[in-house]
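Down below is the structure, laid out as structure tokens.
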Amino acid sequence: MYKFTTLTALCSVALAARPFLNEPDTGIELILGTDNLTTLPPLSNVVGLPDFDFIARQHLAPENYTYYRNGAAGEWSYRNNLEVFQRVTSRPRVLVNVSQVSTTLGTTILGQNFSAPFFICPCARGEVGNVNGELGLVQGAADGDILYIPSGYSSTPLGELAAARVANGSYEQTMWPQTYLTSNDTETQIYFDEIAAGGFSAIVFTIDSAAAGVRHRADRFGAGSVNTAFDGFTWEYYEKLKTMTKLPIVLKGIQTVEDALLAVEHGAPAIVLSNHGGRNLDTSPSSLEIAYEIHEQAPQVFNQTEVLADGGVRYGSDVLKLMALGVKAVGLGRPFMYANIYGTEGVRHAIERLKFEVMNDAAHLGLQDIHDVSMKHFKWAPNFWYS
Ligand SMILES: Cc1cc2nc3c(=O)[nH]c(=O)nc-3n(C[C@H](O)[C@H](O)[C@H](O)COP(=O)(O)O)c2cc1C
Ligand SMILES: *[C@@H]1O[C@H](CO)[C@@H](O)[C@H](O)[C@H]1NC(C)=O
Ligand SMILES: *[C@@H]1O[C@H](CO)[C@@H](O)[C@H](O)[C@H]1NC(C)=O
Ligand SMILES: *[C@@H]1O[C@H](CO)[C@@H](O)[C@H](O)[C@H]1NC(C)=O
Ligand SMILES: *[C@@H]1O[C@H](CO)[C@@H](O)[C@H](O)[C@H]1NC(C)=O
Ligand SMILES: *[C@@H]1O[C@H](CO)[C@@H](O)[C@H](O)[C@H]1NC(C)=O
Ligand SMILES: *[C@@H]1O[C@H](CO)[C@@H](O)[C@H](O)[C@H]1NC(C)=O
Ligand SMILES: *[C@@H]1O[C@H](CO)[C@@H](O)[C@H](O)[C@H]1NC(C)=O
Numbered sequence: 001m002y003k004f005t006t007l008t009a010l011c012s013v014a015l016a017a018r019p020f021l022n023e024p025d026t027g028i029e030l031i032l033g034t035d036n037l038t039t040l041p042p043l044s045n046v047v048g049l050p051d052f053d054f055i056a057r058q059h060l061a062p063e064n065y066t067y068y069r070n071g072a073a074g075e076w077s078y079r080n081n082l083e084v085f086q087r088v089t090s091r092p093r094v095l096v097n098v099s100q101v102s103t104t105l106g107t108t109i110l111g112q113n114f115s116a117p118f119f120i121c122p123c124a125r126g127e128v129g130n131v132n133g134e135l136g137l138v139q140g141a142a143d144g145d146i147l148y149i150p151s152g153y154s155s156t157p158l159g160e161l162a163a164a165r166v167a168n169g170s171y172e173q174t175m176w177p178q179t180y181l182t183s184n185d186t187e188t189q190i191y192f193d194e195i196a197a198g199g200f201s202a203i204v205f206t207i208d209s210a211a212a213g214v215r216h217r218a219d220r221f222g223a224g225s226v227n228t229a230f231d232g233f234t235w236e237y238y239e240k241l242k243t244m245t246k247l248p249i250v251l252k253g254i255q256t257v258e259d260a261l262l263a264v265e266h267g268a269p270a271i272v273l274s275n276h277g278g279r280n281l282d283t284s285p286s287s288l289e290i291a292y293e294i295h296e297q298a299p300q301v302f303n304q305t306e307v308l309a310d311g312g313v314r315y316g317s318d319v320l321k322l323m324a325l326g327v328k329a330v331g332l333g334r335p336f337m338y339a340n341i342y343g344t345e346g347v348r349h350a351i352e353r354l355k356f357e358v359m360n361d362a363a364h365l366g367l368q369d370i371h372d373v374s375m376k377h378f379k380w381a382p383n384f385w386y387s
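Under the UniProt record's numbering, the first residue of the sequence shown is numbered 1, with each subsequent residue one higher.
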């Protein structure tokens with residue numbers, strides 16, 4: 001027993017000592033080199049989502065890349081969001097008939113059908129990567145038939161996003177505009193009415209941004225947050241907001257089991273577990289850790305509201321790990337902003353690559369239906385949660 005404990009301790013030291021890799025070593029620089037990529041390489045070079053990060057870094061002006069890339073302060077949360085998934089290993093079951101798994105990617109979120117259990121997170125300032133702002137994200141999401149949550153600080157105005165929304169035969173694109181809100185209720189009412197009139201089907205209220213993010217990397221390059229006010233919002237205020245619109249108001253930025261329970265108590269139709277991509281409070285937990293805390297302490301939450309989650313998702317297996325805990329769909333921010341440098345084509349490529357990974361990883365886990373993924377498909381080692 002003593003020896004076993006020592007070995008475990010040594011192993012965790014060894015794991016902790018692993019250098020951080022923003023992208024894994026898959027040889028991309030042997031193909032694309034490390035010089036400035038003034039012209040974008042063909043999308044066939046992008047074999048996985050991390051490749052979009054590499055290309056963005058080599059292509060964009062440093063201050064532009066920094067706006068997308070930066071995390072809060074020492075960027076521990078940014079790194080942890082990426083690294084947490086590798087602390088949970090898989091338990092693949094074999095000799096299961098998985099021949100139909102690729103037909104099971106479809107997922108319903110708030111009563112709407114999508115082709116995959118992942119969505120595009122709200123990220124401000126699409127113009128930093130593409131002169132067409134968010135238009136490539138709108139069309140790409142429609143082509144890939146996934147949910148897009150445009151940021152309240154999108155470069156493309158809400159009216160133009162509404163006009164770009166694809167309605168094609170029986171297909172009506174679903175988008176949920178995100179907002180931080182101001183303390184001016186008249187302004188909020190006007191905004192809510194505009195959202196309803198634009199044909200959008202929910203509002204996402206981001207509540208993890210009560211103040212400016214402390215962002216050293218961004219400050220160095222003059223690429224800080226657009227949202228810097230000290231908020232005066234409360235749970236009572238959320239009750240009031242609900243009377244101002246017929247649309248469901250989704251709460252984005254839940255980081256503790258206590259707040260997940262309060263969201264349920266206040267009737268939130270859906271919540272997004274998120275530490276804002278590690279951009280606001282450094283050392284805030286990854287959504288995998290938040291989902292795990294809820295699963296341990298109040299698992300009923302996953303039945304009482306629709307739980308979504310984002311942060312650091314880059315691979316198919318990341319999506320499945322969050323789903324195993326009860327998360328319905330998983331959001332990605334940076335990968336889609338980097339993909340949008342290519343516009344619609346890039347966004348579509350990103351969606352295709354991630355669908356490919358989710359279905360193939362699910363098959364390797366022995367899942368006939370991706371929605372059957374559960375805790376028993378992974379090993380939740382005690383040191384997966386850093387505490
Ligand atoms: C460049 C950038 C801008 C963002 N802007 C917003 C925003 O306007 N509203 C919001 O709710 N979240 C915003 N976020 C957070 C994302 O919605 C999401 O929580 C986060 O990006 C997920 O982590 P990931 O980038 O590792 O996938 C932003 C994130 C990035 C990277
Ligand atoms: C690449 O070159 C472009 C155009 O000259 C420039 O704007 C950009 O800052 C450069 N990017 C990097 C990463 O050096
Ligand atoms: C596996 O499932 C497919 C589709 O349901 C079916 O056609 C096939 O016969 C199954 N294979 C075996 C060995 O049962
Ligand atoms: C969603 O898909 C289900 C099952 O395929 C179907 O019964 C339902 O009508 C669809 N809902 C919408 C809103 O299209
Ligand atoms: C950098 O961002 C600015 C807007 O902040 C934009 O005008 C410019 O085109 C972007 N540059 C590149 C190379 O994407
Ligand atoms: C409309 O839908 C059809 C059939 O799904 C598709 O072929 C076509 O490209 C779509 N048009 C647009 C503008 O999305
Ligand atoms: C609140 O917003 C409305 C609509 O934009 C504006 O007319 C009004 O002056 C604002 N009130 C305050 C106190 O800023
Ligand atoms: C959640 O709902 C499922 C399906 O109805 C049920 O089997 C499970 O026990 C519920 N879990 C909790 C914790 O309430």
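Each residue gets a CB set at the ideal place from its N, CA and C atoms; glycine is no exception.
For residue i, which of the options has the nearest alpha-carbon?
i, options, result
"residue 145", "118, 163, 31", "118"
"residue 286", "299, 262, 266, 331", "331"
"residue 311", "34, 115, 275", "275"
"residue 324", "355, 282, 367, 357", "367"
"residue 134", "84, 55, 156", "156"
"residue 154", "226, 212, 106, 197", "226"
"residue 248", "235, 270, 265", "270"
"residue 320", "293, 166, 361", "361"
"residue 51", "359, 199, 346, 379", "346"
"residue 371", "65, 171, 101", "101"
"residue 242", "267, 309, 358", "267"
"residue 38", "62, 170, 201, 223", "62"
"residue 194", "244, 169, 110", "244"
"residue 107", "313, 348, 307, 344", "307"
"residue 171", "181, 187, 112", "112"
"residue 383", "326, 23, 292, 348", "292"
"residue 353", "92, 36, 46", "46"
"residue 110", "79, 147, 76", "147"
"residue 56", "177, 220, 114, 128", "128"
"residue 297", "174, 64, 257, 200", "257"
"residue 79", "66, 23, 116, 40", "23"
What's the C-alpha gap between residue i and residue j?
i, j, result
"residue 217", "residue 284", "17 Å"
"residue 121", "residue 252", "10 Å"
"residue 205", "residue 179", "5 Å"
"residue 334", "residue 250", "21 Å"
"residue 277", "residue 59", "22 Å"
"residue 19", "residue 210", "32 Å"
"residue 160", "residue 43", "27 Å"
"residue 385", "residue 338", "29 Å"
"residue 289", "residue 190", "37 Å"
"residue 373", "residue 98", "13 Å"
"residue 94", "residue 365", "7 Å"
"residue 378", "residue 88", "7 Å"
"residue 26", "residue 32", "12 Å"
"residue 103", "residue 351", "16 Å"
"residue 30", "residue 207", "43 Å"
"residue 340", "residue 197", "27 Å"
"residue 294", "residue 309", "12 Å"
"residue 167", "residue 74", "44 Å"
"residue 182", "residue 96", "53 Å"
"residue 299", "residue 221", "42 Å"
"residue 317", "residue 162", "33 Å"
"residue 69", "residue 173", "28 Å"
"residue 239", "residue 265", "11 Å"
Which residue comes first and which comes last in the beta strand (DSSP E) that contains residue i?
i, result
"residue 112", "112-114"
"residue 306", "306-310"
"residue 222", "Premise fails: residue 222 is in no beta strand (DSSP E) and is neither H nor E."
"residue 253", "249-254"
"residue 47", "First-last for residue 47: undefined, no H or E at that position."
"residue 120", "118-120"
"residue 109", "107-109"
Could you check where the alpha helix (DSSP H) with residue i kicks off and where it finishes?
i, result
"residue 66", "62-69"
"residue 190", "185-197"
"residue 344", "344-365"
"residue 332", "Run containing residue 332: none in the alpha helix (DSSP H); it sits in the beta strand (DSSP E), 329-332."
"residue 263", "257-265"
"residue 288", "287-297"
Using a strict less-than 7 Å threshold between each residue's beta carbon and the heavy atoms of ligand 7, what residues do you get?
Residue selection by CB proximity (closer than 7 Å to any heavy atom of ligand 7) returns 184, 186, 187, 190 in chain order.
Can we say the region 134-144 touches the region 211-231, given the rule of at least three CB pairs closer than 8 Å?
no
Neighbourhood of ligand 1 [Cβ distance below 5 Å to any heavy atom], ordered by chain position
68, 121, 122, 123, 124, 151, 153, 178, 206, 274, 276, 277, 310, 311, 312, 332, 333, 334
With three or more beta-carbon pairs closer than 8 Å as the criterion, would you say the region 74-93 touches the region 233-244?
no
Around ligand 3, Cβ to any heavy atom closer than 6 Å, ordered along the chain:
97, 99, 100
By C-beta, the residues closer than 7 Å to any heavy atom of ligand 2, given in chain order:
36, 38, 57, 58, 59, 60, 61, 62, 65
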